[in-house]
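Below is one structure, written out as structure tokens, with a few remarks after it.
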Amino acid sequence: ARFVSDDDRGTEDALSLMRAPAFNPAQTVILSAKSNDSLGAERDLPDTSVIITAYTDTRVAVTVESSAPATLVLTDAYYPGWIATVSGSETPIQRADVIFRAVSIPAGQSEVVFAYRPYWLPLAPLVGGVAWLIALAAVIVIWKSGLGAGLKPAL
Numbered sequence: 011a012r013f014v015s016d017d018d019r020g021t022e023d024a025l026s027l028m029r030a031p032a033f034n035p036a037q038t039v040i041l042s043a044k045s046n047d048s049l050g051a052e053r054d055l056p057d058t059s060v061i062i063t064a065y066t067d068t069r070v071a072v073t074v075e076s077s078a079p080a081t082l083v084l085t086d087a088y089y090p091g092w093i094a095t096v097s098g099s100e101t102p103i104q105r106a107d108v109i110f111r112a113v114s115i116p117a118g119q120s121e122v123v124f125a126y127r128p129y130w131l132p133l134a135p136l137v138g139g140v141a142w143l144i145a146l147a148a149v150i151v152i153w154k155s156g157l158g159a160g161l162k163p164a165l
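Numbering-wise, our numbering comes out as the position in the sequence shown, counting from 1, plus 10.
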């Protein structure tokens with residue numbers, strides 16, 4: 011793993027590293043780091059075993075066995091609204107190779123779950139309910155105002 015800053019400059023740095031002829035995406039990942047602690051650092055790939063146990067549009071579950079702390083890279087799009095848990099504990103998702111998702115995992119066996127839960131999702135039923143109430147109110151207003159007088163329900 012190679013680390014760059016998690017800003018526009020870091021994105022340019024990552025793309026520059028990925029354009030290099032020696033870059034092999036099967037062996038190296040460029041991670042965006044939120045702190046300066048990891049910038050410029052490199053880590054070797056430990057012995058790992060990865061099994062995808064579930065894969066849907068909104069949830070990906072992976073079982074990982076690693077001989078040392080590592081980074082799991084999921085080559086799905088990095089996009090706001092995704093959360094990740096490692097063995098039940100929420101963990102931050104890092105941007106990998108500019109467009110993918112990655113999480114840090116500890117040594118040993120871990121269950122990693124990526125779930126799509128955008129901040130607005132819990133509001134969707136409320137917004138839908140309000141929209142139906144507005145539509146119902148509009149129908150009632152139209153009916154009572156006489157504009158709907160020429161409309162008769164079919165029996």
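Ideal Cβ positions, reconstructed from N, Cα and C, are used throughout, including at glycine.
Taking a C-beta distance under 8 Å as the contact criterion, V60 and V96 do not qualify as a contact pair. The C-beta distance from V108 to L82 rounds to 17 Å, too long to meet the 8 Å contact threshold. At a Cβ-Cβ threshold of 8 Å, I40 and P79 do not count as neighbours. Rounded to whole angstroms, A134 and A141 show a C-alpha spacing of 11 Å. From the listed residues L84, Y126, G118, the smallest Cα separation to S77 is found for G118. Counted as a single uninterrupted DSSP element, the stretch harbouring D107 is not any alpha helix (DSSP H), since DSSP gives it neither H nor E.
DSSP, read as helix, strand or coil, puts D86 in strand. The residues S42, Y88, in chain order, have a CB closer than 6 Å to that of R105 in the same chain once the five nearest residues on each side in sequence are set aside.
Straight through space, the alpha carbons of S120 and V74 are spaced by roughly 5 Å. Ranked by Cα distance from T68, the first of Y126, T85, K154, S155 is Y126. P102 and G138 have their C-alpha atoms some 31 Å from each other. DSSP lists no beta-bridge partner residue for A148.
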